[in-house]
Amino acid sequence: MSPATSAAPLNGAPARMYLPIATEMEQVEETFRREMHSSYKYVDELVRYGVMLGGKRLRPALLLLTARAVGEVCPAHITLATVVEMIHTATLVHDDVLDNAATRRHLATVNARWDDEASVLLGDFLFSHAFYMTAAVDAAACRTIGRATNIVCEGELRQKGSRGCFELTEEDYYGIINAKTAELTAVCCELGARYAGASDAVATNMQSYGRELGIAFQIADDLLDFTGEEHETGKTLGTDLQQQKPTLPLIHTLNNTASAAERVAILDLLADQSPVTAILPHLDANGSLEYARQQAIAFADRAIARLESVPASPAKEVLRMLPDFAVRRSH
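Residue numbers (our numbering): 836 to 1166.
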């Protein structure tokens, strides 16, 4: 129930979901591949490998779909859609280092195939090239992308600082995922609207759509870390527990255990870095997996409600279906 990309449809969504922006997505893919190169063999191999890691191309699709839903796609949209994918890919490459992940999109991560140093430098290459490309649009785009990227990095730092902090509240959790994930999806929708000539009110509304979608998407992603199958997701799972990251299912369980003794037992399992299979019975018993699913659905519903004032079009229909699809995906 959501768009896919020319590279990898979101959770196997039918290709027709990209029909409203199929030509533009091909242009973005072509631009991304053209920009991701180097005259130096080692660097060229590394950056070209990075092109394959983003997978869904959700963020450029969001930017283009929003533009199509509220106006017309212009050349600036193609550049900006490429930029947001570069930034997203940079965060994935850096995340894989932080999580010591071995696979992504059924491929070896950069840190697994090369090493951590190569991953950090590739991420830096992507970030810097993204800002170089944004400068060709205008100063406003540079400020918007720069602010959003700074917030994303701050969110990652906040998550790093919360590792092992099992007193983390739901409010804290939402603050972190709003920054590290939803900020970029929000800015995609904002840029799509603004560069299609939308009013400030429409651009702000679409930004809210992207933010609520991003939060729903991240909650679903955190659920998959507990319940997913690596052969379906194509990436290393269980890393949140390994890295001692409190995510919504775990926060809910720790706040709603039947007894203090159970809470201590769960904390002991976490301290011992026990596998996901040891934690799952507690999450099930406390209804925490279902609670997180319902929270993801609630944010998805809020995102859909933001589209009420957008005129009917094939692009709007894809945007309307995307939130529901995102929270029900299996990878």
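Each residue gets a CB set at the ideal place from its N, CA and C atoms; glycine is no exception.
Which class does residue i belong to by DSSP, given the choice of helix, strand or coil?
i: Leu942; result: strand
i: Asp887; result: Here the sequence assigns Met to residue 887, which means Asp is not the residue at that position. DSSP places Met887 in coil when its eight states are reduced to three.
i: Lys1015; result: helix
i: Val928; result: helix
i: Phe1001; result: coil
i: Met871; result: coil
i: Asn1121; result: coil
i: Thr1192; result: The chain is shown from 836 up to 1166; residue 1192 falls before or after that span and cannot be answered.
i: Asn1040; result: helix
i: Gly906; result: coil
i: Arg1141; result: coil
i: Asp950; result: coil
i: Asp959; result: helix
i: Arg1155; result: helix
i: Val972; result: coil
i: Tyr1030; result: coil
i: Arg892; result: coil
i: Ala983; result: helix
i: Ala911; result: helix
i: Pro1149; result: helix
Roughly how many whole angstroms lie between the Cα atoms of residue i and residue j?
i: Ile1114; j: Glu1125; result: 15 Å
i: Leu1102; j: Ala857; result: 49 Å
i: Tyr1044; j: Arg1128; result: 19 Å
i: Pro1116; j: Gln1053; result: 22 Å
i: Glu1143; j: Asp1136; result: 12 Å
i: Leu942; j: Ala1095; result: 42 Å
i: Pro1146; j: Tyr1030; result: 17 Å
i: Met1041; j: Val1099; result: 44 Å
i: Phe867; j: Met921; result: 8 Å
i: Asp1107; j: Glu991; result: 24 Å
i: Glu1173; j: Gly958; result: No statement about residue 1173 is possible, as the shown extent of the chain runs from 836 to 1166 and does not include it.
i: Glu864; j: Lys1080; result: 33 Å
i: Glu852; j: Leu1089; result: The sequence shown places Met at residue 852, rather than the Glu named in the question. Answer to the nearest angstrom: the Cα atoms are 40 Å apart.
i: Arg1163; j: Asp1057; result: 13 Å
i: Glu1152; j: Ser874; result: 43 Å
i: Glu1097; j: Leu1105; result: 12 Å
i: Asp979; j: Thr969; result: Residue identity check: residue 979 is Thr in the sequence provided, not Asp. Thr979 and Thr969: Cα-Cα distance of roughly 10 Å.
i: Ala896; j: Val878; result: 28 Å
i: Asp1119; j: Phe1134; result: 22 Å
i: Gly1049; j: Thr926; result: 15 Å
i: Glu1067; j: Thr1016; result: Bear in mind that a pLDDT of 46 at Glu1067, under 50, signals an unreliable position, so the number given afterwards is only what the model happens to contain. Distance between the alpha carbons of Glu1067 and Thr1016: 22 Å.
i: Ala1055; j: Leu1026; result: 25 Å
i: Glu1006; j: Ser954; result: 32 Å
i: Asp973; j: Ala911; result: 9 Å
i: Gly1069; j: Arg939; result: Any answer about Gly1069 is weak, because its pLDDT of 45 lies below 50 and its placement is not dependable; what the coordinates show is given next. Taking the straight line from one Cα to the other gives about 5 Å.
i: Leu898; j: Leu956; result: 27 Å
i: Ala1138; j: Thr1020; result: 12 Å
Should residue i be labelled buried (16 or more other beta-carbon atoms within 10 Å of its own) or exposed?
i: Thr917; result: buried
i: Pro855; result: buried
i: Asn1121; result: buried
i: Thr1075; result: Rather than Thr, the amino acid found at residue 1075 in this sequence is Asp. Buried is the call here.
i: Cys1024; result: buried
i: Asn985; result: exposed
i: Gly999; result: exposed
i: Ser1034; result: exposed
i: Glu1047; result: buried
i: Thr840; result: Because Thr840 sits at a pLDDT of 36, beneath the cut-off of 50, its placement in the model cannot be relied upon, and the following sentence gives the value as read from the coordinates. Under this definition Thr840 is a buried residue.
i: Arg869; result: exposed
i: His872; result: exposed
i: Thr1112; result: exposed
i: Gly996; result: exposed
i: Asn946; result: buried
i: Thr914; result: buried
i: Pro1084; result: buried
i: Ser1123; result: buried
Tell me, please, whether the CB atom of residue i is closer than 8 Å to any CB atom in chain C?
i: Thr979; result: Absent from the structure: chain C. Only one protein chain is present.
- [ ] Tell me the start and end of each unbroken alpha helix (DSSP H) in the region 1088-1136 that is at least 4 residues and wholly inside, in chain order.
- [x] 1095-1106, 1111-1120
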